[in-house]
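Residues in the sequence shown are numbered from 0 upward in steps of one, following numbering that gives the first Met the number 0.
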Amino acid sequence: MKTVSTMEEGMVEVVVAEDNPPSPTPTPTTCPANDGWYNIIPPPPCDVPNPGNSDDDNPCEQADKLEKNTGLKDKFTALKNKTNQNKEYGYMYKINSDITVNAIEIEGEANAAGIDVTITEKFDGFIHSHYTGLLSVFSRDDIYAMAKMYIGDKMIDPSTFTAGVVTASGTQYILKIDDIVKFKAYAENMVNNNAIEDLSDLYDKFYKITPKNSKEQNEKAFLQYLQQTKSGLRLFKGNDNFNDWQPKKVDANNNVVDNPC
């Protein structure tokens, strides 16, 4: 299978190379209503308990482990030091049993928003940079790349997979799969229905996540997007040294607050 997404505003573009991809398992019956506010991405299955992640592999436990992983922190730091350049850089990585990191360095074209990657094996995650003029949060194509890796069976373990971004705006974030049932429905709809254009409309027109916004505006809008589309993803915000990742959400008072697992 080979799929290609568009490149805009900073992304990792994934081409999943696989001769015989696994067939998606059937999705349980979906909710009849969609909260009455949009019809682009359907809600996840109704009343299906989150199989969750065990105490050993919930997103917060995994983030705590990343805080102590010197090899991965070094890669994040290397990307941070390149955000003043005119292209995107990144790493596809695997974490060994001794927590050392094997990483493949990737980079985009000069003055272009994106990195083209053909993936032929499984990884534990990808991290990348956004240079000046690109988004201060994950782009829509970054999420699409994550969905394609899941559907294409290119994640070593979805419950521990990490997507990361470091930006010229001084922000650093990681995404973890928090609810595999919701994320499966979200990813299947996006990839199998080629819903990248719908996602673009949501980003640009509804949530107004753009490079022109402040990093605070984009952070709140991105969190609202993740929550309201029932993506099954949890966002973590990092400090400058990449040794503290805090889960975030938008609360009922429309404030960005911590979101412990």
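Ideal Cβ positions, reconstructed from N, Cα and C, are used throughout, including at glycine.
The three-state secondary structure of Tyr224, taken from DSSP, is helix. Collapsing the DSSP output to three states places Leu201 in a helix. Rounded to the nearest whole angstrom, the CA to CA distance from Phe182 to Ser158 is 11 Å. Lys247 sits close to Asn258, with the two beta carbons spaced by under 7 Å.
Checking the DSSP bridge columns, you'll see Ala184 has no partner listed.
The three-state reading of DSSP puts Phe235 in strand, counting E and B together. Selection Ile103, Asn68, Val165, Gln84 evaluated against Val116 yields Ile103 as nearest (Cα-Cα). Here Asn192 is exposed. Its C-beta has fewer than 16 other C-beta atoms within 10 Å. Within the same chain, and ignoring the five residues on either side of Ala186 in sequence, the residues whose Cβ sits closer than 6 Å to its Cβ are Ala146, Tyr149, Ile150. Ranked by Cα distance from Phe137, the first of Asp97, Ile155, Ser199 is Ser199.
Under the three-state reduction of DSSP, Gly113 is assigned to coil, being neither helix nor strand.
Taking the Cα of Ser135 as reference, the smallest distance to any Cα among Ser168, Ala111, Ser128 is reached at Ser168. The three-state reading of DSSP puts Gln245 in strand, counting E and B together. DSSP places Gly70 within a helical segment (H, G or I) once states are collapsed to three. In this structure the segment 114-128 does not touch the segment 199-213; the number of beta carbon pairs closer than 8 Å is below three.
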